[in-house]
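Novice: Sharing a structure below in structure tokens format, with a few things to ask.
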Amino acid sequence: MPVKIPKNLPASSVLQSENIFVMDETRASSQDIRPLRILILNLMPTKIVTETQLLRVIGNTPLQIEPTLLITASHTPRHVSKEHMDEFYHTFDEIKDIKYDGMIITGAPVEKMDFEEVRYWDELETIMKWAKHHVFSTMYICWAAQAGLYYHYGVEKHELEKKLSGVYKHSVLNPQAPLVRGFDDFFYAPHSRYTGIDKEAVLSCEKLELLTFSKEAGCHIITSKNGKHVFVTGHSEYDVDTLKKEYQRDVAKGLEPDVPCNYFPGDDPSKTPMMTWRAHASLLFSNWLNYYVYQTTPYDLDSASLEI
416 MPVKIPKNLP
426 ASSVLQSENI
436 FVMDETRASS
446 QDIRPLRILI
456 LNLMPTKIVT
466 ETQLLRVIGN
476 TPLQIEPTLL
486 ITASHTPRHV
496 SKEHMDEFYH
506 TFDEIKDIKY
516 DGMIITGAPV
526 EKMDFEEVRY
536 WDELETIMKW
546 AKHHVFSTMY
556 ICWAAQAGLY
566 YHYGVEKHEL
576 EKKLSGVYKH
586 SVLNPQAPLV
596 RGFDDFFYAP
606 HSRYTGIDKE
616 AVLSCEKLEL
626 LTFSKEAGCH
636 IITSKNGKHV
646 FVTGHSEYDV
656 DTLKKEYQRD
666 VAKGLEPDVP
676 CNYFPGDDPS
686 KTPMMTWRAH
696 ASLLFSNWLN
706 YYVYQTTPYD
716 LDSASLEI
């Protein structure tokens, strides 16, 4: 089934060329199916790239998805045109009276800062508080996972000795959890961050469950036990060349980064990296949409009580 997006959104032509099922709003309106309303709070500087990555993984399911793109009003993006933002994005004030089946909050390049120092932290807190009554299940990615764990459960992040960048091997700790249904015992996922979450801090919180873990990358997928919050510390949505572009950017800045781990063949940055995480990325997002959103969200969403 398709992801329902505006015909002229840049991601539309890209996804159609990849044989991802997308549907424009005119065609979708003729179908007698209630699409899942998914709110995407895009905090990444590369707005169009991130839109495409997320629409790709949520579009690979048997469900019709109606995404809404959200930005914070307290920060003005510098890497995308104002015309694009005006046409496709909404601010919180514009959507705050609407209820959503699910929400995705992306990462952001602010992880070395204390949460309270981030320019839009107050607004993000408002959105996360609002979501308790207006969103059925929320997925937090990378920095947003750390922010969500801190806001909801008081779990602190810590700075790593150096940037964690690469594609790491993970193990499934609870194969019975619906979110990892169908996962192999071991799988790979990309990470790109300067901070992490202590395993013991997660395990000591009775409201949280650690589902997947990496010896090198640490905590990966964490959920609240009621399924309303899903925290993913990596970037399963990344394209095959995303880590390469980040590495080249850091080299150009003179940061002398390590070569991303287990990414370039033979750890040679001149070689083309291989995609080793796409299948589990698709499974992660489809499991979330199916088991944590579609199977449990009420059909009459507007009149339902969604308090978490």
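Numbering (this note's numbering), first residue to last: 416 to 723. Glycine included, every Cβ here is placed at the ideal spot set by N, Cα and C.
Taking just the CA atoms, how far does Y707 sit from A696?
Specialist: 16 Å
Novice: Would you mind giving the Cβ-Cβ distance between K659 and P680, rounded to the nearest angstrom? I have them listed as a contact below 8 Å.
Specialist: Incorrect: roughly 12 Å between the Cβ atoms, too far for contact.
Novice: Go through its chain and collect everything with a Cβ distance to T465's Cβ below 7 Å, but skip five positions before and after it.
Specialist: N457, M459, T521
Novice: So, helix, strand or coil for R471, using DSSP?
Specialist: R471: helix per DSSP, three-state reduction.
Novice: By how many angstroms is the C-alpha of P450 removed from the C-alpha of Q479?
Specialist: 5 Å
Novice: Which residue marks the beginning of the alpha helix (DSSP H) containing Y714, and which one marks its end?
Specialist: Per DSSP, Y714 belongs to no alpha helix (DSSP H) and is neither H nor E.
Novice: Ends of the beta strand (DSSP E) at A592?
Specialist: No beta strand (DSSP E) contains A592, which DSSP labels as neither H nor E.
Novice: Anyone know if the C-beta pair for V550 and M518 falls short of 9 Å?
Specialist: Yes, these two residues count as a Cβ contact at 9 Å.
Novice: Measure the beta-carbon distance from K640 to E624 and round it to whole angstroms, keeping in mind my assumption that it falls under 8 Å.
Specialist: 6 Å
Novice: If I measure Cβ to Cβ from I420 and keep anything under 7 Å in the same chain, skipping five residues before and after, which residues do I get?
Specialist: So the list reads A426, S427, V437, L470, P482, once near-sequence residues are dropped.
Novice: Would you call the stretch 495-505 and the stretch 526-539 in contact, with 3 or more CB pairs under 8 Å?
Specialist: Cβ pair count under 8 Å is below three, so no.
Novice: According to DSSP, simplified to helix, strand and coil, what is T657?
Specialist: helix
Novice: Tell me the DSSP bridge mates of R608?
Specialist: L579
Novice: Distance check for T506 and T461, CA to CA, integer angstroms please.
Specialist: Answer to the nearest angstrom: the Cα atoms are 18 Å apart.
Novice: What does DSSP give as the partner residue(s) for P451 in the beta ladder?
Specialist: Per the sequence shown, residue 451 should be read as Leu rather than Pro. As a beta-bridge residue in DSSP terms, L451 pairs with I480.
Novice: By Cβ distance below 8 Å, which residues in the same chain neighbour Q446 in space, the five residues on each side in sequence not counted?
Specialist: Note on Q446: pLDDT 47, under 50, position unreliable in the model; no value is reported.
Novice: Just how far apart, CA to CA, sit Y555 and D673?
Specialist: 26 Å
Novice: Under 6 Å Cβ to Cβ from L716, same chain only, skipping five residues before and after it: list those, please.
Specialist: For L716, the CB contacts under 6 Å within the same chain, skipping 5 residues up- and downstream, are K514 in chain order.
Novice: Let me know the secondary structure DSSP gives K572 once reduced to three states.
Specialist: Strand, per DSSP.
Novice: Please report how far the alpha carbon of V525 lies from the alpha carbon of W558, in whole angstroms.
Specialist: 8 Å
Novice: By Cβ distance below 6 Å, which residues in the same chain neighbour E631 in space, the five residues on each side in sequence not counted?
Specialist: Only Y583 meet the Cβ criterion.
Novice: From the DSSP output, in three-state form, read off G633 for me.
Specialist: strand
Novice: With DSSP as the reference, label T541 as helix, strand or coil.
Specialist: In the structure shown, T541 falls within a helical segment according to DSSP collapsed to helix, strand and coil.
Novice: Verify whether the separation of the beta carbon atoms of T648 and R608 is less than 9 Å.
Specialist: yes
Novice: In the DSSP assignment, what are the bridge partners of V645?
Specialist: M554, T638
Novice: Express the C-alpha separation of P605 and G581 in angstroms, rounding to a whole number.
Specialist: 6 Å
Novice: Are the beta-carbon atoms belonging to T627 and L575 less than 9 Å from one another?
Specialist: no
Novice: With 16 as the cutoff for other CB atoms within 10 Å, does E433 come out buried or exposed?
Specialist: exposed
Novice: Would you check if the distance between the CB atom of L699 and the CB atom of V595 is smaller than 9 Å?
Specialist: Closer than 9 Å, so yes.
Novice: When the Cα of D537 is compared with those of D512, N423, G563, which residue comes out closest?
Specialist: G563
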